[in-house]
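Residue numbering for the sequence shown follows the numbering used here, starting at 55 and increasing by one per position. Idealized CB from N, CA, C, for every residue including glycine.
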Amino acid sequence: MLGTARTLGVEDLIDATPSRRRDLVTAMLVAQVIAPESKLATARGLRTQTATSSLGEVLGVSGADEDDLYAAMDWALARKDAIETALAARHLNDGTLVLYDVSSAAFEGRTCPLGKIGHARDGVKGRLQIVYGLLATTAGIPVAIEVFDGNTADPKTLTAQINKLKNRFGLSRVALVGDRGMITSARITEELRPAGLDWITALRAPQIKALVQADALQLSLFDEHDLAEINSPDYPGERLVCCHNPALAQKRTQKRQDLLAATEKQLTAITDATTRTRRPLRGKDDIALRVGKVINHYKMAKHFHITITDNSFTFTRNEDAIAAEAALDGIYVLRTNLPKSALGRDDVVLRYKGLEDVERFFRTLNSELDVRPIRHHLADRVRAHMFLRMLSYYISWHMKQALAPLLFRDHDKPAAAAKRTNPLPRSTFRCRPSQSLPQTHHRRHPGAQLHQPARRPSHHLRQPHPARRRHAHVHQIHHPHRTTTPRLRTTRPHPPPGLQVVMQTTQNPRSRHTHHQTRGNYGLGHRFSCQFNTGVEVATMLMRTDPFRDLDRFAQQVLGTAARPAAMPMDAWRDGTEVVVEFDLPGVNADSLDLEIERNVVTVRAERPQVAADREMLAHERPRGVFNRQLVLGDSLDAEKIKASYQDGVLRLHIPVSEEAKPRKIEITRSEEHSEQHKAIAA
């Protein structure tokens, strides 16, 4: 992650002058991608005594505490405008399209003035929250973020974005893409049009219904094509792109039927209450009160006719209203003032659907980057918190692009778009890509396939919280009457301070499943290290936890296979007065073996050559590339007398135990005078 950040020039983006504050901000960005935690937990993870990685040591901030991180956040917030301007200069050009959307995040605490109760866009209702808006490119790259009070309506956030695009970023011609709740007719008239900005948005349902009633939109337009372009005097100087999505129509029809059935069930219960023999429901007001509680629970009151008397209640469906609404199922209308020469009809639809990239940012904040909980007391700290999360997503976005072969993001979107005759899906709820479309990265090579061995079947249901993989370490038992022997016990996910682990992978995506179990003694720890051959620099960092744990779980769910062993599996045991360590290295070039010792750290390097480019592979399961593994030796092992041998694909190390650590018996001397005195007393 740190290597990716440096390749992207994030450090120079934060500040061109190296400083401790810049290093602290960089450490927070990388730490939030690897393991999102609070500032206090992040500070502990950087500290030497409680480090969860070598990040603090690499950046030289291992002595930082939470107050240093808070100060670095304040410093970064002061540079927020300059950083966002640099991002805009890097990713936005004059005349480009810009995506904008807003979301909310639940807020902890009571003292921050930004926390207000409002429309919960993240599904957490009845809580204090903040509202934040994101500007992004059409590819989904974040450019700028802004935080608003929790009760701010979507259209009210648009003014600040217009000023930002025009004045701070210096873009004279730009098209803003936003949903129907964001770019309303009032915002277009009062803000976008006077500012000279273009727009792409959608009409609300009442506006579409008005077009149908005015015969400006005729449903017969969709008999042969799912796209149509019309004009209306109600929208002068604008193009209206009408879309009919059969998949969406089917989904809405089914949902309406389910909600009608649920509402009828509740209304039927009231009808039964008025006709029961024991304590029937009586009184027009009491019946109306019961009906009022349920009839619009699912927003279906408009589809029912009801009759209430003092002794009865009846209801029927409003079939005309249902049919009128059903006629517009799957139909939505996009409005834009961009001319056809600048953006075609199909491109208008695709650019509007590009808002899903911004939605992906919101989902990432609420899942991978854990933007919640937000516990800062000061408004500026909350703004800095969200700004740093955006920069972390900036790193994560580019990392995912570089790791696309490993993440199986294999469908070539440009090729798929070129073969698609219609930007709208024709049928079904889930649209699978065509098998004939080319794929950038295949999970297996086309052509003849070897028989695959039996694999562990995956669970038929998705596991929301997979069990954490427990680490293992040696627990030393001291007994006064016998020789000390190692015992193996499982502990909580954090290993002891003497055990440090790095989990990385190789170019082969099938080798990324890496599991380990440490069996050793005398402070014997281990480290893994490998390199990505993806064109992105990767900085080696020591981690106590597996930074690719989520990727490993994802691969297990997708592939449904048992985890494969490490690329350099190791066994270690005690044999008398020495510890023996064996590494399995079949198929490794013997000349590539390298063994180094530095500061009680034994580093083993080996290389398995890559497959020739002209070779057609039928199976590709063995990991290839350069593998590193390190053993951290305790003080009880003598690193100066290590012997190594390599035979039959096995590298064996003999590490003698130091003289001080060897068990020995101690002779107990007895005084004759004390013995005679003891006998006299006994007599």
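Contact between the segment 83-102 and the segment 442-449 is present: 3 or more CB-CB pairs across the two stretches fall below 8 Å. If you check the CB distance, Thr192 and Gly384 do not come in under 8 Å.
Apart from sequence neighbours up to five positions away, the residues of its chain that approach Glu120 with a beta-carbon distance below 6 Å are Lys93, Leu94, Ala97, ordered along the chain. Residue nearest to Pro623 within the set Pro640, Leu275, Leu62 is Pro640 (criterion: CA-CA distance). Looking at the backbone, the Cα of Glu292 and that of Asn391 are separated by about 4 Å. Between Leu649 and Val635, the C-beta gap is not smaller than 8 Å, which leaves the two residues out of contact. Less than 8 Å separates the beta-carbon of Arg706 from that of Ala698.
The beta carbon of Ile237 lies closer than 6 Å to those of Trp253, Thr255 in the same chain, with the five residues before and after it left out. Look at the beta carbons and you see the segment 155-174 touching the segment 427-438: at least three pairs across the two are nearer than 8 Å. In the DSSP assignment, the residues bridged to Trp253 are Leu230. Residue pairing by DSSP places Trp129 in no beta bridge whatsoever. Between Ile199 and Leu182, the C-beta spacing is not below 8 Å. Ranked by Cα distance from Phe223, the first of Phe369, Leu314, Val152, Asn299 is Val152. With a cut-off of 8 Å on Cβ pairs, the segment 349-367 is in contact with the segment 323-332, counting three or more such pairs. Closest option to Arg683, judged by alpha-carbon separation, among Val656, Val665, Gly110: Val656. One Cα belongs to Arg336, the other to Leu321, and the distance between them is close to 15 Å. Collapsing the DSSP output to three states places Met624 in a strand.
Here the alpha carbons of Arg405 and Gln272 stand approximately 24 Å from one another. Less than 8 Å separates the beta-carbon of Gly110 from that of Leu100. Residues of the same chain with a CB within less than 8 Å of the CB of His359, apart from the 5 flanking positions on each side, are Phe369, Thr370, Arg371, Asn372 in chain order.
Ala240 has its alpha-carbon roughly 12 Å from the corresponding atom of Pro248. Taking each of Leu419, Gly194, Tyr186 in turn and checking the Cα distance to Leu212, the smallest one comes out for Tyr186. Contact annotation: Ile184 and Gly163 have beta-carbon atoms that are not nearer than 8 Å.
Between the segment 120-139 and the segment 61-81 there are three or more inter-stretch CB-CB distances shorter than 8 Å, so the stretches are counted as touching. Ranked by Cα distance from Leu314, the options Gln215, Val345, Lys353, Leu62 are led by Lys353.
Around the CB of Thr206, 16 or more other CB atoms lie within 10 Å, so the residue is classed as buried.
Distance from the CA atom of Ala673 to the CA atom of Asp176, rounded to whole angstroms, is 44 Å. Ala160 carries a strand assignment under DSSP once its states are collapsed to helix, strand and coil. Asn217 and Asp208 have their alpha carbons spaced roughly 16 Å apart.
The straight-line gap separating the alpha-carbon atoms of Arg676 and Ala458 is approximately 20 Å.
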